[in-house]
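The structure under discussion appears below in the form of structure tokens.
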Amino acid sequence: MSEITEKKRIFSGVQPSGKLTLGNYLGAIRNFETLQDAYECLYCVVDLHAITVRQNPAELRRQTLEVLAQYLACGLDPQKSTLFIQSHVPAHAELAWILNCYTMFGELSRMTQFKDKSAKHADNVNAGLFDYPVLMASDILLYQTDLVPVGSDQLQHIELTRNVAQRFNGVYSDTFTMPEPYIAKTGARIMSLQDPMRKMSKSDENANSFILLMDKPEDIMRKFKRAITDSEGTIRRGEGKEGISNLIAIYGLATGRTAEEVEAEFAGQGYAAFKPAVGEAVVELLRPIREKTEDLLKNKDYLEQVYTEGAQRASYMARKTLDKVYRKVGFIKR
Ligand code: TYM
238 MSEITEKKRI FSGVQPSGKL TLGNYLGAIR NFETLQDAYE CLYCVVDLHA
288 ITVRQNPAEL RRQTLEVLAQ YLACGLDPQK STLFIQSHVP AHAELAWILN
338 CYTMFGELSR MTQFKDKSAK HADNVNAGLF DYPVLMASDI LLYQTDLVPV
388 GSDQLQHIEL TRNVAQRFNG VYSDTFTMPE PYIAKTGARI MSLQDPMRKM
438 SKSDENANSF ILLMDKPEDI MRKFKRAITD SEGTIRRGEG KEGISNLIAI
488 YGLATGRTAE EVEAEFAGQG YAAFKPAVGE AVVELLRPIR EKTEDLLKNK
538 DYLEQVYTEG AQRASYMARK TLDKVYRKVG FIKR
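According to our numbering, the sequence shown is numbered sequentially starting from 238.
Structure, rendered in structure tokens:
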């Protein structure tokens, strides 16, 4: 075990607030898998975060298991990484309360995700939605995390986490490790297939704008054929070509090619050839993930074993940090 504890630590999480998209996979989960040998990794299904917008309880339970199954189907190995469900480790909520008292109202008001989500759910701008980044900071700081692999939309939350850690460390002496974001060069922001100026998001009303990991091949093909591009007709990246640039990035990631290689491969060809090629590459990329997820969802006992063992390991690590924090702020030992 001593070899394991010398490794740097990674924490990341995904919300079970809907079906996972190709954006979640290419921006985050794919990197979780490649990092799990070199780091000590904790990957969480963040159900506490999901209820900041209304969820159907039965659906939330189903989605939580589906995200866990997808973690496994994407190659996360419970022998190497700690896979668990956030609400199973109460220390996340406990640390969040403490860190609330070290996070400023003004800081939280500036969060773009809060602004976006409160505009989108104007009838339910609850305190949890506002406080969301503090819970995320707690997730990260609880495990003395060195590195946080995420898509670029989460960068602002990681900067806030660093500010809160620095503030707490400044008052009480070194308590939290200062986490760094890990954002891949390509794939950090996969765009909507219908509006390439916006990120691909599972909460988009237009189902043609996103690819779900569980989408059937015919749906994937249809969505790529309908993807919004431009009228120029050449397969290259550039200003005003955000749609094609996005498809080039997706095709490159799905086939292990650089953007330059993709442009060279399709030089002289039109969108009628390129769009179905992207569709087929993504079908093949996602096929094993979908099939494996379907199999795993039939084996609830195995999923339960994974999340139970994961929560035990995570709780042990989390407790160490929480005890230290309680002592530093002046709480009496139980
Ligand atoms: P969530 O559930 O929205 O997304 C999970 C991960 O997927 C990335 N992502 C994308 N990457 C590229 N292109 C896209 N279109 C795209 N859409 C989503 C996200 O950046 C994220 O990495 N707040 C987080 C969950 C969270 C968390 C944490 C993450 C809670 N606690 C602690 C890291 C550490 C979120 O809402 O992710």
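Where is the CB? At the ideal position from N, CA and C, for every residue including glycine.
Between the segment 489 to 506 and the segment 518 to 537, the count of Cβ pairs shorter than 8 Å is three or higher; the stretches touch. According to DSSP, residue pairing for Cys-281 in a beta bridge involves Gly-250 and Phe-321.
Note on geometry: alpha-carbon atoms of Tyr-380 and Lys-354 lie some 28 Å from one another. Residue environment analysis places Asn-293 among the exposed positions, since fewer than 16 neighbouring C-beta atoms fall within 10 angstroms of its C-beta. Ranked by Cα distance from Ile-247, the first of Leu-523, Leu-259, Gln-273 and Arg-267 is Gln-273. Following the DSSP letters along the chain, one finds Val-566 inside the alpha helix (DSSP H) bounded by residues 537 to 566.
In the displayed model, Leu-430 falls within coil according to three-state DSSP, outside both helix and strand.
Here Glu-476 carries a coil assignment [DSSP, helix/strand/coil].
Cβ neighbours of Arg-527 within its own chain (closer than 6 Å, five residues either side excluded): Met-451. Here Pro-525 is exposed. Its C-beta has fewer than 16 other C-beta atoms within 10 Å. Cβ atoms of Ile-487 and Ile-420 stay farther apart than 8 Å, at about 17 Å. Distances from the CA of Asp-532 to each of Ala-310, Glu-469 and His-286 were compared; the closest alpha carbon is that of Ala-310. Residue state for Pro-416 is assigned as coil, using DSSP reduced to three classes.
With fewer than 16 other beta carbons inside 10 angstroms of its own, Tyr-553 counts as exposed. According to the DSSP secondary-structure assignment, Val-371 is paired through a beta bridge with no residue. At the C-beta level, Thr-301 and Phe-447 stay beyond 8 Å of one another. By the Cβ neighbour-count rule, Val-326 is buried, with 16 or more other Cβ atoms within 10 Å of its own. Excluding the 5 residues flanking it on each side, Arg-399 has same chain C-beta neighbours closer than 8 Å at Met-415 and Pro-416, in chain order. Close CB contacts of Glu-546 within its chain, under the 8 Å cut and outside five residues either way in sequence, are with Pro-315 (chain order). Put simply, the backbone Cα of Val-543 is about 35 Å away from that of Arg-435.
Taking a C-beta distance under 8 Å as the contact criterion, Leu-279 and Ser-318 qualify as a contact pair. Taking 8 Å as the cut-off, the beta carbon of Ile-377 is found no closer than this to the beta carbon of Val-566.
Taking every protein chain shown into account, the CB of Asp-284 has 16 or more other CB atoms within 10 angstroms, so this residue is buried. In the three-state scheme derived from DSSP, where H, G and I count as helix and E and B as strand, Pro-327 is classed as coil. Under a 10 Å Cβ-count criterion, Pro-513 is classified as exposed, with fewer than 16 other Cβ atoms of the shown protein chains found around its own Cβ. Placement of the Cβ of Ser-318 at a distance of 7 Å or more from every heavy atom of ligand 1 is found. A buried status is given to Ser-375, since no fewer than 16 other beta-carbon atoms sit within 10 Å of its beta-carbon. Annotation: the segment 255 to 307 contains the following complete segments of the beta strand (DSSP E) (minimum length 3 residues), in chain order: 277 to 282. With a cut-off of 7 Å, the C-beta of Arg-246 is classified as distant from ligand 1, since no heavy atom of the ligand falls inside that distance.
Counting only the Cα atoms, Glu-500 lies some 46 Å from Asp-360.
According to DSSP, Lys-436 shares a beta bridge with Met-428. A residue is called buried once 16 or more other Cβ atoms fall within 10 Å of its Cβ, and Met-341, having fewer, is exposed. Residue pairing from DSSP places Val-385 in a beta bridge opposite Pro-418. If you draw a straight line from the Cα of Glu-277 to the Cα of Thr-349, it is about 30 Å long. Taken atom to atom, the span from the alpha-carbon of Ala-509 to that of Asn-443 is near 23 Å.
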